[in-house]
Amino acid sequence: MPTLVLGATGATGRLLVAQLLSRGEPVRAIVRSPDRLPEEIRSHDLLEVTAASVLDLPDEELANQVMSCGAVASCLGHNLTLRGVFGPPRRLVTDAVRRVCAAVESHRPAQPVRLVLMSSAGVRNKDLNERVSTAQRCVLGLIRALVPPHADNEGAAEFLRSRIGRQSSFIEWAVVRPDTLINAEQVSGYTLHASPTRSAIFDPGKTSRINVAHVMAELATRDDLWAEWRGRMPVVYNRD
20 MPTLVLGATG ATGRLLVAQL LSRGEPVRAI VRSPDRLPEE IRSHDLLEVT AASVLDLPDE
80 ELANQVMSCG AVASCLGHNL TLRGVFGPPR RLVTDAVRRV CAAVESHRPA QPVRLVLMSS
140 AGVRNKDLNE RVSTAQRCVL GLIRALVPPH ADNEGAAEFL RSRIGRQSSF IEWAVVRPDT
200 LINAEQVSGY TLHASPTRSA IFDPGKTSRI NVAHVMAELA TRDDLWAEWR GRMPVVYNRD
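Residues are numbered in our numbering as their position in the sequence shown, beginning at 1, plus a constant of 19.
See the structure below:
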């Protein structure tokens, strides 16, 4: 069954598409600018590309995109420019997750669709009452108020945790939380944790984008790993 990838032209999204294709998995991608995909990916026989914004796609067309998909993986994020950070759409990730979940539910699939969301280690999992120092809480409060993408990431994760929860018959989810993102050429050793093992503000770890893509591809396609992490928010660190 295909995996629908959102944010496929981004730095991590391109790597995720490549990871899935390398496994022989069919991929659908909704992207505003297909020419931003590398040629070797764009011309792949297992890739189906729709040129559109996921927020502007009519409900019926979005429902057709998710139809027959076994998983949806979102690497959506805000461009690190003034317009990307402070301009519209401020709730890109949250609104996209809401729309995709509604599209999945409209089909009432016989088997739950896996939704894998890329987030960040600075987003808390409220199911675990993760402890944060007073200093980090203050800094995150400022970031939340002043930097809209952080609040957007929190909103998307919270929607899955509280609105979809673990009782949905049609959607299962996992939120992948990398720490400081770095570039690397190849997949390397990494670890998954239920909660952060270090401060995302004062003692951040590192996570390569290609490792994030690998984790997301594994979750989308491996039943055993999905059984372990569904309904949870694994934090990903590169091994030192």
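Yeah, the Cβ is synthetic: ideal placement off N, Cα and C, and Gly gets one too.
All figures in this text were calculated on a predicted structure; none of them were measured in a lab.
- Query: Over what stretch of residues does the beta strand (DSSP E) that includes residue 201 continue unbroken?
  - Reply: Per DSSP, residue 201 is one residue of the beta strand (DSSP E) stretching across 199 to 201.
- Item | Exposure of residue 20, with buried meaning 16 or more beta-carbon neighbours within 10 Å | exposed
- In whole angstroms, what separates the C-alpha of residue 44 from that of residue 69? 17 Å
- Query: If you draw a straight line from the alpha carbon of residue 244 to that of residue 211, how long is it in whole angstroms?
  - Reply: 11 Å
- Query: Just how far apart, CA to CA, sit residue 103 and residue 122?
  - Reply: Low confidence applies to residue 103: its pLDDT is 49, below 50, so where it sits in the model is not reliable, and the reading given next is rough at best. Going by the C-alpha atoms only, they are around 26 Å apart.
- Distance, residue 152 Cα to residue 130 Cα: Roughly 41 Å between the two C-alpha positions.
- List the endpoints of the continuous beta strand (DSSP E) containing residue 47. From DSSP, the beta strand (DSSP E) with residue 47 extends over 46 to 50.
- Pull up the distance between the alpha-carbon of residue 192 and that of residue 239, whole angstroms please. 10 Å
- Counting only runs of 3+ residues fully inside the region 35 to 93, write out the beta strand (DSSP E) ranges in chain order. For the region 35 to 93, whole beta strand (DSSP E) runs of length 3 or above, ordered along the chain, are 46 to 50, 66 to 70 and 90 to 93.
- Cβ contact check for the region 170 to 187 and the region 197 to 210: 3 or more pairs under 8 Å: no
- Message: Given this structure, state the Cα-to-Cα distance separating residue 79 from residue 48, to the nearest angstrom.
- Response: 16 Å
- Query: Is residue 31 near residue 246, with beta carbons less than 8 Å apart?
  - Reply: no
- Simplified DSSP state of residue 257, which is helix, strand or coil: strand
- Message: Tell me the rounded alpha-carbon separation between residue 158 and residue 220.
- Response: 8 Å
- Can you list, in chain order, the residues of its chain whose CB lies under 6 Å from that of residue 176, leaving out five sequence neighbours each side? 138, 142 and 194
- Is the CB of residue 36 under 8 Å away from at least one CB in chain D? In the structure shown, chain D does not exist; there is a single protein chain.
- Using only alpha-carbon positions, find the residue among 36, 65, 237 and 73 that is nearest to residue 110. 73
- Message: Can you look up residue 103 in the DSSP assignment and give me helix, strand or coil?
- Response: Low per-residue confidence applies at residue 103: pLDDT is 49, beneath 50, and the placement is therefore not dependable, though the value from the model is reported in the following sentence. If DSSP states are grouped into helix, strand and coil, residue 103 belongs with the helices.
- Query: Who pairs with residue 225 in a beta bridge, going by DSSP?
  - Reply: 199
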